[in-house]
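A.B. asks:
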Amino acid sequence: MRKNIAIFASGSGSNAENIIRYFRDNKHAVVALVISNKSDAGVLTRVSSFDIPTFVALKDDWTPDGQVISLLNKYNIDFIVLAGFLRRIPETLLNNYSNKIINIHPSLLPKYGGKGMYGDKVHQAVVAAEEKESGITIHYVNEHYDEGGIIYQATCPVLTSDTPDDVAAKVHQLEYKYYPVVIEELLSR
Ligand code: GRF
Numbered sequence: 009m010r011k012n013i014a015i016f017a018s019g020s021g022s023n024a025e026n027i028i029r030y031f032r033d034n035k036h037a038v039v040a041l042v043i044s045n046k047s048d049a050g051v052l053t054r055v056s057s058f059d060i061p062t063f064v065a066l067k068d069d070w071t072p073d074g075q076v077i078s079l080l081n082k083y084n085i086d087f088i089v090l091a092g093f094l095r096r097i098p099e100t101l102l103n104n105y106s107n108k109i110i111n112i113h114p115s116l117l118p119k120y121g122g123k124g125m126y127g128d129k130v131h132q133a134v135v136a137a138e139e140k141e142s143g144i145t146i147h148y149v150n151e152h153y154d155e156g157g158i159i160y161q162a163t164c165p166v167l168t169s170d171t172p173d174d175v176a177a178k179v180h181q182l183e184y185k186y187y188p189v190v191i192e193e194l195l196s197r
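For the sequence shown, position 53 (counting from the first letter as 1) is numbered 61 according to my numbering, and the numbering increases by one without interruption.
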């Protein structure tokens, strides 16, 4: 039986799109639902051409008897993938999906993680600290930001001439290359 993936995203959704494309016609899993917590998030328009239900879930929708839990049940979701999702995952969801929610962070955790460390801020901090490398961390989600068990890391060099945008571009390439493959590996076990 193919597993059903839900993607949660708050931003432009380039990873969401990449994952959706990867799992079209995949024998292990398919993306069956996309949820955003922002009504104007780019991800909503970006994935609108795919035949996948998309929902905006605002504050009250995340309560234990709110819309999000009903949607996950309705679409028989087995696994949740965070792709640029900027909201804490409520405890009920963590309990219902124990070790079945993963996130990707654009740095080599534990460096440059935690509350407030997201998007360009991560890459700016990496360049300011004159790091020689950066990369991605794919990890399980728990109640603390960016602290769940690490599943996979990949690195890229940071040159002295690199701007934060340059680092972001390298990190995005790693995200596109590895996130779908790691998800597939987890769901084919
Ligand atoms: C990615 O860099 C991801 O690592 C981080 O948020 C960003 C999302 O980018 N968690 P996009 O919305 O997928 O383009």
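Using N, Cα and C, we set each Cβ at its ideal position, and we do this for glycine too. Model, not experiment: these values are computed from the prediction.
Please check the pair residue 49 and residue 10, which I expect to be a contact at CB under 8 Å, by giving their CB distance rounded to whole angstroms.
C.D. replies: Counting from 1 along the sequence shown, the entry for residue 49 is found at position 41. Counting from 1 along the sequence shown, the entry for residue 10 is found at position 2. With 8 Å as the limit, residue 49 and residue 10 do not qualify as a contact, their Cβ atoms being about 27 Å apart.
A.B. asks: Can you look up residue 50 in the DSSP assignment and give me helix, strand or coil?
C.D. replies: Stepping through the sequence shown from its first residue, residue 50 is reached at position 42. Three-state result, residue 50: helix.
A.B. asks: Quick check: is any heavy atom of the ligand GRF less than 6 Å from the C-beta of residue 23?
C.D. replies: Counted from its first residue, the sequence shown places residue 23 at position 15. Yes; taking the cut-off as 6 Å, the Cβ of residue 23 has a heavy atom of the ligand GRF nearer than that.
A.B. asks: In chain order, which beta strand (DSSP E) runs of at least 3 residues are fully inside the segment 99–167?
C.D. replies: Note on the segment 99–167: whole beta strand (DSSP E) runs with a minimum of 3 residues are 109–113, 141–148 and 158–165, in chain order.
A.B. asks: Using a Cβ-based criterion (distance less than 6 Å to any ligand heavy atom), does residue 124 qualify as near the ligand GRF?
C.D. replies: As a working mapping, residue 124 is identified with position 116 in the sequence shown. Checking every heavy atom of the ligand GRF against the Cβ of residue 124, none is found closer than 6 Å.
A.B. asks: Using 8 Å as the cut-off, can you tell me whether the segment 84–92 makes contact with the segment 101–111, which would need three or more C-beta pairs spanning the two stretches below that distance?
C.D. replies: Yes, the segment 84–92 touches the segment 101–111.
A.B. asks: Curious, which full-length alpha helix (DSSP H) runs of at least 4 residues does the segment 11–74 contain?
C.D. replies: 22–31 and 50–54
A.B. asks: Where does residue 77 fall in DSSP's three states?
C.D. replies: The residue you call residue 77 lines up with position 69 of the sequence shown. Residue state, collapsed to three classes: helix.
A.B. asks: Could you say if the segment 24–41 and the segment 53–63 meet the contact criterion of at least three C-beta pairs nearer than 8 Å?
C.D. replies: yes
A.B. asks: So, helix, strand or coil for residue 191, using DSSP?
C.D. replies: As a working note, residue 191 is residue 183 in the sequence shown. In this structure, residue 191 counts as helix in the three-state DSSP scheme.
A.B. asks: By Cβ distance, which residues of its chain are closer than 6 Å to residue 70, with the 5 residues on each side in sequence left out?
C.D. replies: Taking the sequence shown and counting its residues from 1, one reaches residue 70 at position 62. Counting only residues of its own chain and dropping the five nearest sequence neighbours on each side, residue 70 has a CB closer than 6 Å to the CB of 76 and 98.
A.B. asks: For residue 126 and residue 94, which I take to be in contact (beta-carbon distance under 8 Å), what is that distance rounded to the nearest angstrom?
C.D. replies: Taking the first residue of the sequence shown as 1, we reach residue 126 at position 118. Taking the first residue of the sequence shown as 1, we reach residue 94 at position 86. Contact flag correct, Cβ pair sits at about 6 Å.
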